[in-house]
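One structure is given here, and the rest of the page talks about it.
2 protein chains.
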Amino acid sequence: MKAQIKSYFNRYVDFNDEEIDAIYSKLEEKTFQKKEFLLKENMICRHNYFILKGIVRLFYIDSKGHEKITLFAIDNWWVTNMESFIKETPSTQYLQAVEDITVLSLSKTTLETLYIEHPKLERLFRIIAENMLIANLRKSDLFLQMKSKERYTFFVEHLSAFAQRVPQYMIASYLEITPEYLSELRRNRH
Amino acid sequence: MKAQIKSYFNRYVDFNDEEIDAIYSKLEEKTFQKKEFLLKENMICRHNYFILKGIVRLFYIDSKGHEKITLFAIDNWWVTNMESFIKETPSTQYLQAVEDITVLSLSKTTLETLYIEHPKLERLFRIIAENMLIANLRKSDLFLQMKSKERYTFFVEHLSAFAQRVPQYMIASYLEITPEYLSELRRNRH
DNA sequence: CGCGACGTTGATTTGCCTCAACGATTGTGG
DNA sequence: CCACAATCGTTGAGGCAAATCAACGTCGCG
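If you read the sequences in order, they're chains A and B. The letter at position 1 of the first sequence is residue 1 when you use this note's numbering, and the numbering goes up by one with no holes. The letter at position 89 of the second sequence is residue 279 when you use this note's numbering, and the numbering goes up by one with no holes.
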């Protein structure tokens, strides 16, 4: 477990073993079962989760009562409701385990003290924020440019890790397509 | 000019006058005329621009040859092509002055050295990245949930600074509407 | 003045949604 | 271990938001 996060951290910033130990000791390993919630609507998201194993989804309920998935996350990703976590405002979204998962939980208050004790961590999370931003910009661009069918083929080709482990109706939701129409798209190609 | 950026910096992190001076001295004031480009497609974006005055747009050319605006920026915003700037990859987008503008230009290499000399700046740009991320997440959510007409009224109500100074076809492009349909929407409400 | 940039209108088309119904598969309690 | 209920995916009919295409009006500017 420690090796996994150490290798992740050192991908972006060099930490020595003592630093890793100090930071790692502040993280709390937790498990959640399939369908269990890490966060519900109206709660303030106090934690950032590093996924050791499993898949998680972030979604909200739209005006018609339908779930709309805004993010999937998998092994070695940090996941939280960014807006709620950063601004400490009530979440409009749910964070839920799609499979049984294991995560390392980092609380906001712990993170703030760690920033002061270990300035390098500030750099790490600046880089992480930048990477998340770029990922989100790319996703927006994708949705701007592509029709439903293209989005689906893109998903299957570039996000196959999810495509194989997530039910179809969740893929449809993430791709902003109705399950019915996704079904039609799948029929119309071989 | 210095006062403007000082007040901006101190909104997020406390810098003393010496620090502001040191950082400010590394920024280069530049002006661009209306329609002048700060960045063109295929170039690597080496600068991050702090807008002192004016409006800038970020856009790409889609497969049909139409301009698609992904971002407007105005006084006291940082603007760049994040992906190109961070990853040092060729830009797929153009950055262009919508009006005559004045900016403070900060090069990537300068920023990297400043991060080391002034660790507080790392914190500032972590916070800026987080804020940009949140703004982008909000924008995506908006587009996910709203129909064209709602997007337009939202734009007029919440981004009136732009609505008044930007031609209609650019607003249409930003809102992912054809100019024709936007025109129709405007007709159908008084 | 004349040209190009910008906005408007109307006719037609289309991508995708809604609703309703029905198989197939999974899982759970008796 | 079977029965019945959810859950999940598929089909088809009908409808609507918004795009496309083509043409025309208008204004500002060189």
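Beta carbons are placed, not taken as given, at the ideal position from N, Cα and C, and that holds for glycine.
Using a Cβ distance threshold of 7 Å, A/THR80 and A/CYS45 count as a contacting pair. Using a Cβ distance threshold of 7 Å, A/LEU133 and B/LEU314 do not count as a contacting pair. The segment 65-72 of chain A makes no contact with the segment 34-42 of chain A, as fewer than three CB pairs between them are under 8 Å. When DSSP states are grouped into helix, strand and coil, B/LEU332 belongs to the helix group. For B/VAL246, the uninterrupted beta strand (DSSP E) segment begins and ends at 246-251. In the three-state reduction of the DSSP assignment, B/LYS258 falls in the strand class, which pools E and B. Distance check between A/GLU36 and each of A/PHE50, A/ASN10, A/PHE9 and A/TYR94 places A/TYR94 closest, using alpha-carbon atoms only.
In this structure, the beta-carbon distance from A/ASP100 to A/LYS34 falls below 7 Å. For B/VAL293, the enclosing beta strand (DSSP E) stretches over residues 291-297. Each residue's CA atom was taken as its position, placing A/GLY54 and A/ARG165 some 10 Å apart. The Cβ neighbour count for B/PHE275, taken over all protein chains shown within 10 Å, is at least 16; the residue is labelled buried. Cβ contact annotation for B/SER373 (same chain, cutoff 8 Å, sequence separation greater than five): GLN358, in chain order. A/ALA172 counts as buried, since no fewer than 16 other beta carbons sit within 10 angstroms of its beta carbon. Taking a C-beta distance under 7 Å as the contact criterion, B/ASN238 and B/LEU311 do not qualify as a contact pair.
Taking C-beta separations shorter than 7 Å and ignoring five residues to either side along the sequence, B/GLU370 has no partners in its chain.
For B/LEU285, the enclosing beta strand (DSSP E) has its first and last residue at 284-287. The beta carbons of A/LYS147 and A/LEU185 sit no closer together than 7 Å. Under the 7 Å criterion on CB atoms, B/SER274 is classed as non-interfacial with respect to chain A. Chain-order list of chain B residues neighbouring A/ALA129: ARG316, ALA319, GLU320 and LEU323, by C-beta distance under 7 Å.
In this structure, A/PHE155 and A/LEU175 form a Cβ contact; the two beta carbons are roughly 6 Å apart against a cut-off of 8 Å.
Around the beta carbon of A/MET170, 16 or more other beta carbons sit within 10 angstroms, so the residue counts as buried. Annotated three-state conformation of B/GLU278 is coil, per DSSP. Using beta-carbon distances, B/PRO309 counts as an interface residue toward chain A, with a partner under 7 Å. Considering only beta carbons, the part of the segment 134-155 of chain A lying closer than 9 Å to chain B consists of ILE134, ASN136, LEU137, ARG138, LYS139, SER140, ASP141, PHE143, LEU144 and GLN145, in chain order.
Partner residues in the beta bridge of B/PHE222, as assigned by DSSP, are B/ILE291. Approximately 16 Å separates the beta-carbon atoms of A/LYS30 and A/VAL98; this is outside 8 Å, ruling out the contact. About 13 Å separates the CB atoms of B/ILE210 and B/PHE240; that is not less than 8 Å, and the two are not in contact. Shown here, B/LEU349 sits in coil according to DSSP, grouped into three states, outside any helix or strand. Under the DSSP assignment, A/LYS53 falls in the beta strand (DSSP E) whose first and last residues are 47-53. Beta-bridge partners assigned by DSSP to A/VAL79: A/TYR49. With contacts defined as CB atoms closer than 7 Å, A/ARG126 and B/ALA319 qualify as a contacting pair.
In the three-state reduction of the DSSP assignment, A/LEU38 falls in the strand class, which pools E and B. Under the 7 Å criterion on CB atoms, A/ARG123 is classed as interfacial with respect to chain B. Of all alpha-carbon atoms in B/LEU301, B/THR368 and B/LEU334, the one lying nearest the alpha-carbon of A/ASP62 is that of B/LEU334.
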